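Novice: Supplied in structure tokens, the structure appears directly below.
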Amino acid sequence: MPGDGVRLLTYGLEKPDAQMKYIFRFIFDLLGLPSQEAADGLCDVYYGDQRRAPEGALVIPCRESDLIWPDAPNPGPMANLSEKLFPFDVVNAIRRLLTDDVNRRVGGDGCDEHQRLRFTASFQGRNGIGELPLVNIYAKALGAWFAGHLHVSPIPAWPGGRRCAIGLSHDVDRVARRSKTLFWPPYAMHLSKYENLMVARQRLWHIRQIARAPLFDDVALFRRVMLFEAELGCSSTFFFAARNRFGAHASLLDVQYDVTNRALRRLLGELREKDFGVGLHASYRAFEAPSRFAEERQLLQRVSGTGVAGLRHHFWHMGSGVDATLAAHEAAGFAYDSSIAFNEHLGFRRSVAWPYYPWSDTLQRPLETVQIPVFCMDGNVFYTSSSVDDAVDKISAIVATIKEVGGVGAIDWHSDTASPDTPGYQAWGQAYERLVQMLANDSEVWATSLEAILAWFTSRRDRLSRAVVNGRAVPPRR
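Laid out in structure tokens, this is it:
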């Protein structure tokens, strides 16, 4: 009964395989319910043909045609709780969304010049579900059905009575514009004559920007963003690039700053002292050789004096072989990644608002690097609009959805556009400040760094594992 402890749920699979067991573990973890596959055939929940189900078991039907459930966003009292047959195959739907199977047949025409899936070509865009975390919605409906039949008492999703978590994060693309790297870079060693010409043109542009705003100090502005968040009781993660466009294996699309210069070393030290997160902004071509992730991570750790648990790809550029890139993250020792997102649209790239371990088709197992999904980048709204009110309203609506399903989503707002004091980005900065104030004033939202979310997620997952001793329920730790 509720309050007596955490009940162990057992499940049975008509066609057991490694991937389906992975999906069941994901669903039960999301719901906060300890579970294990039944060893003797008897089980609480059975997935398959109802005619083959053990007596008394709840049955989720196996129907591969079930993918979009029109009634799922508002299932009401969870569709006749007296029925022991669930009305929709949420298991297969979650599997196809979480593994991105729904987008596997999108060809090169559906991707942009950076090999990123275009929103309009995606399953989510074509079906008008981009802003809906269907995975969470389906799982929540299933959890309500379990609660009605099995009297389960789940472990809370978030600490302190919070209903959701919003990860605050910043890609550091432009900073320390007065550093010598911007004026006297080592051109000839790694760039062609054409590339040197392009860099020279970019250098002239930067000189004009400095001439137009000679008193602008972007390092001081960076500190103001930190102070603003800290004063509201929030924290965030800053993703720094360890490889700039002048290094070996670099691209002209990589950043210009040198993370080893004195100003950035000081900034990294301040971030460490104030408990902000520091992550790697993986270079544009890093995915081409898995060893580059480890090289860049090691350099950033040495310069920052702190561990670097996570990364995000510059330009979201993961190459066409995303599965191989995700496996390379694991090989490099990263605890989390936050690179799977839409570049030009708000929403959920894999229709999920919850941390998950991506499935590897090659290895036939989940990877050990957690994916923290991004639902919002500053450019998602400001590439096509300059209205602060419009931006805040659109993002707030998705935050409300995340809260409704008890999920998590990361916001990626570039470090320089996070302040209205940045020349040319006043509206971007105003929108960010209003968003953070809104999140900080909502006692049901946990606005924090990606490292804090990772720590809570993994500790909660450990609690679920410990909640079962010799196959029996034990009270959860408070």
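Mind the numbering: the sequence shown is residues 0 to 477 in numbering that gives the first Met the number 0, read in order. Backbone N, C-alpha and C fix where the C-beta goes; we use that ideal spot for every residue, glycine too. Keep in mind that this is a model prediction, so the values were computed, not measured.
Do you know offhand how far I371's Cα is from R349's?
Specialist: Residue 371 sits at position 372 when you count from the first residue of the sequence shown. Residue 349 sits at position 350 when you count from the first residue of the sequence shown. Between I371 and R349, the C-alpha separation is close to 11 Å.
Novice: In the DSSP output, which residue or residues are listed as bridge partners for M317?
Specialist: Here the question's residue 317 lines up with position 318 in the sequence shown. According to DSSP, M317 bridges with nothing at all.
Novice: Using the rule of at least 16 other Cβ atoms within 10 Å of the residue's Cβ for burial, across every protein chain shown, is Q436 buried or exposed?
Specialist: Stepping through the sequence shown from its first residue, residue 436 is reached at position 437. Exposed, because fewer than 16 other Cβ atoms sit within 10 Å of the Cβ of Q436.
Novice: On a CA-only basis, which of L12, T368, R50 is nearest Q35? Give me that one, please.
Specialist: The residue given as residue 35 occupies position 36 in the sequence shown. If we check each option's Cα against that of Q35, L12 comes out closest.
Novice: How about Y431 and W412: are their beta carbons less than 7 Å apart?
Specialist: Stepping through the sequence shown from its first residue, residue 431 is reached at position 432. Stepping through the sequence shown from its first residue, residue 412 is reached at position 413. Result yes, Cβ atoms of Y431 and W412 sit closer than 7 Å.
Novice: Using a Cβ cut-off of 7 Å (strictly closer), state whether D441 contacts chain D.
Specialist: This model lacks chain D altogether, as it is built from one protein chain only.
Novice: So what does DSSP say about T400, is it helix, strand or coil?
Specialist: In the sequence shown, residue 400 corresponds to position 401, counting from 1. Reduced to three states, the DSSP call for T400 is helix.
Novice: In the DSSP assignment, find the unbroken alpha helix (DSSP H) run with T98 in it and report its ends.
Specialist: Working through the sequence shown from its first residue, we reach residue 98 at position 99. Counting along the chain, T98 falls outside any alpha helix (DSSP H), and DSSP gives it neither H nor E.
Novice: Which ranges would you report for the alpha helix (DSSP H) in the region 297-359 if only whole runs of at least 4 residues count?
Specialist: Runs found: 321-330.
Novice: By DSSP's criteria, F238 is part of a beta bridge. Which residues make up the other side?
Specialist: For the purposes of this step, residue 238 is taken as the residue at position 239 of the sequence shown. F238 is bridged to D170, G278.
Novice: Compare the C-alpha of R173 against each of N135, H313, S395, F27 and name the closest.
Specialist: Within the sequence shown, residue 173 is the residue found at index 174, counting from 1. Nearest option by C-alpha distance: H313.
Novice: Please state the DSSP three-state secondary structure of L263.
Specialist: Residue numbering aside, residue 263 sits at position 264 when the sequence shown is read from its first letter. L263 falls in the helix class under three-state DSSP.
Novice: Identify, in the order they occur along the chain, each residue of the same chain with its Cβ nearer than 6 Å to the Cβ of A187, setting aside the five sequence neighbours on each side.
Specialist: Position 188 of the sequence shown, counted from the start, is the residue given in the question as residue 187. In this prediction, A187 has a pLDDT of 46, which is less than 50 and means its spatial position is unreliable; what the coordinates show is noted afterwards. Contacts found: none.
Novice: Report the three-state DSSP secondary structure of F374 (helix, strand or coil).
Specialist: Residue numbering aside, residue 374 sits at position 375 when the sequence shown is read from its first letter. In this structure, F374 counts as strand in the three-state DSSP scheme.
Novice: Can you tell me the Cα-Cα spacing of L41 and E54, whole angstroms?
Specialist: Numbered from 1 along the sequence shown, position 42 holds the residue referred to as residue 41. Numbered from 1 along the sequence shown, position 55 holds the residue referred to as residue 54. Their Cα atoms are separated by approximately 8 Å.
Novice: If the criterion is Cβ atoms closer than 7 Å, does the pair Y46 and W358 meet it?
Specialist: For the purposes of this step, residue 46 is identified with residue 47 of the sequence shown, where counting begins at 1. For the purposes of this step, residue 358 is identified with residue 359 of the sequence shown, where counting begins at 1. No, the Cβ-Cβ distance between Y46 and W358 is not below 7 Å.
Novice: Suppose you measure from the CA of E367 to the CA of P289; what does that come to, to the nearest Å?
Specialist: Here residue 367 corresponds to residue number 368 of the sequence shown, with the count starting at 1. Here residue 289 corresponds to residue number 290 of the sequence shown, with the count starting at 1. When rounded, the distance between both Cα atoms is 16 Å.
Novice: What three-state label does DSSP hand T119 in the structure shown?
Specialist: By 1-based counting over the sequence shown, the position of residue 119 is 120. DSSP places T119 in helix when its eight states are reduced to three.
Novice: Between T236 and S384, how many whole angstroms is the CB-CB distance? I'm expecting something under 8 Å.
Specialist: What you label residue 236 is simply residue 237 of the sequence shown in a count that begins at 1. What you label residue 384 is simply residue 385 of the sequence shown in a count that begins at 1. The Cβ separation is near 26 Å, so there is no contact.
Novice: How long is the line joining the alpha carbons of P155 and A37, rounded to whole angstroms?
Specialist: Reading the sequence shown from its first residue, position 156 is the one you call residue 155. Reading the sequence shown from its first residue, position 38 is the one you call residue 37. Roughly 25 Å between the two C-alpha positions.
Novice: Around the C-beta of D48, are 16 or more other C-beta atoms found within 10 angstroms, so that it is buried, or is it exposed?
Specialist: Working through the sequence shown from its first residue, we reach residue 48 at position 49. Counting Cβ neighbours within 10 Å, D48 comes out exposed, since fewer than 16 surround it.
Novice: When you compare only the Cα positions, how much space is there between V391 and M376?
Specialist: Walking along the sequence shown from the start, residue 391 turns up at place 392. Walking along the sequence shown from the start, residue 376 turns up at place 377. When rounded, the distance between both Cα atoms is 12 Å.
Novice: Per DSSP, what kind of secondary structure is Y186 in: helix, strand or coil?
Specialist: Against the sequence shown, residue 186 aligns to sequence position 187. Below a pLDDT of 50, predicted positions are generally treated as unreliable, and Y186, at 48, falls in that range; the measurement from the model is reported next regardless. It is helical.
Novice: Does the count of Cβ pairs from the region 324-332 and the region 387-403 closer than 8 Å reach three?
Specialist: The region 324-332 vs the region 387-403: no contact.
Novice: Per DSSP, which residues does R364 bridge with? Please list them.
Specialist: Counting from one through the sequence shown, the residue named residue 364 turns up at place 365. For R364, which the question treats as bridged, DSSP gives the partners S359.
Novice: Can you tell which of C61, N126, G276 has the C-alpha that lies nearest to the C-alpha of S168?
Specialist: Walking along the sequence shown from the start, residue 168 turns up at place 169. Taking only the C-alpha atoms, the option nearest S168 is G276.
Novice: Kindly indicate which residue of A409, A308, L362, A417 has the alpha-carbon position closest to the one of V387.
Specialist: Residue 387 sits at position 388 when you count from the first residue of the sequence shown. Among A409, A308, L362, A417, the Cα nearest to that of V387 belongs to A417.
Novice: Look up W445 in the DSSP assignment and give the residues it is bridged to.
Specialist: Your numbering for residue 445 matches position 446 in the sequence shown. A164, per the DSSP bridge assignment.
Novice: What residues in its chain sit with their C-beta under 8 Å from that of R223, if we drop five residues either side in the sequence?
Specialist: Position 224 of the sequence shown holds residue 223. Counting only Cβ-Cβ distances below 8 Å, and skipping sequence neighbours, we find S418, D420.
Novice: From T305 to F245, what distance separates their C-alpha atoms?
Specialist: Your numbering for residue 305 matches position 306 in the sequence shown. Your numbering for residue 245 matches position 246 in the sequence shown. In a straight line, the C-alpha of T305 is about 25 Å away from that of F245.
Novice: Would you mind stating whether K402 and C163 have Cβ atoms separated by less than 7 Å?
Specialist: Position 403 of the sequence shown, counted from the start, is the residue given in the question as residue 402. Position 164 of the sequence shown, counted from the start, is the residue given in the question as residue 163. Closer than 7 Å, so yes.
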